[in-house]
Amino acid sequence: MTMAGGLYGLTLEKFLNVSTAMTGGLESETLVKTMLVQDAYTPNFDTHAFRSSVTNEPGASGSYATGGVVITTTELTVASPAATQLRFSAANPAGWTTATITARGCVTYDNTGAAGTDLLVVANAFATDVSSSGGTFTLQFDATNGLFYIDYA
1498 MTMAGGLYGL
1508 TLEKFLNVST
1518 AMTGGLESET
1528 LVKTMLVQDA
1538 YTPNFDTHAF
1548 RSSVTNEPGA
1558 SGSYATGGVV
1568 ITTTELTVAS
1578 PAATQLRFSA
1588 ANPAGWTTAT
1598 ITARGCVTYD
1608 NTGAAGTDLL
1618 VVANAFATDV
1628 SSSGGTFTLQ
1638 FDATNGLFYI
1648 DYA
């Protein structure tokens, strides 16, 4: 075997899950939320740090409340789907019923309770606008890659 360089996946997992900057880590079942955003939102991955930087969230409609919902069954997994990846996944949020909204993506964040301190984690873009008109809006995370993955080798 040849010596190779790379990050240690289990340490990376622990770092992401118990970062002192986050209120409960990525695997919190009560503090990590996902909110919808419209096409006009342009994430700036260098300067946007808090939810207060996120614009163009659809307004509250039906069972969709601004700020989104808590995501559950959150999991950081090493070696899935590839042996050198750390994947963050969660259960698909329950469908928002009777909602009239259009979204182009979602933003996941650590919910501290204030937009100016809620740390942003990841923005996921949909291929096109997704809409519901007085019906159920369902968000489905990627079954293979989750919300994001890091190839650490």
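Residues in the sequence shown are numbered from 1498 upward in steps of one, following my numbering. Ideal placement from N, C-alpha and C gives every residue a C-beta, glycine not left out.
For L1616, the closest of T1544, A1537, A1650 by C-alpha to C-alpha distance is T1544. Burial of K1530 is indicated by the presence of at least 16 other C-beta atoms within 10 angstroms of its C-beta.
F1638 and G1610 have their C-alpha atoms spaced approximately 24 Å apart.
Burial is judged here by how many other beta carbons sit within 10 angstroms of a residue's own beta carbon; E1526 has fewer than 16 and is exposed. Looking at the DSSP output, F1634 bridges to W1593. Spatial neighbours of G1521 in its own chain (CB-CB distance under 8 Å, excluding positions within 5 residues in sequence) are listed in chain order as T1527, L1528, V1529, D1607.
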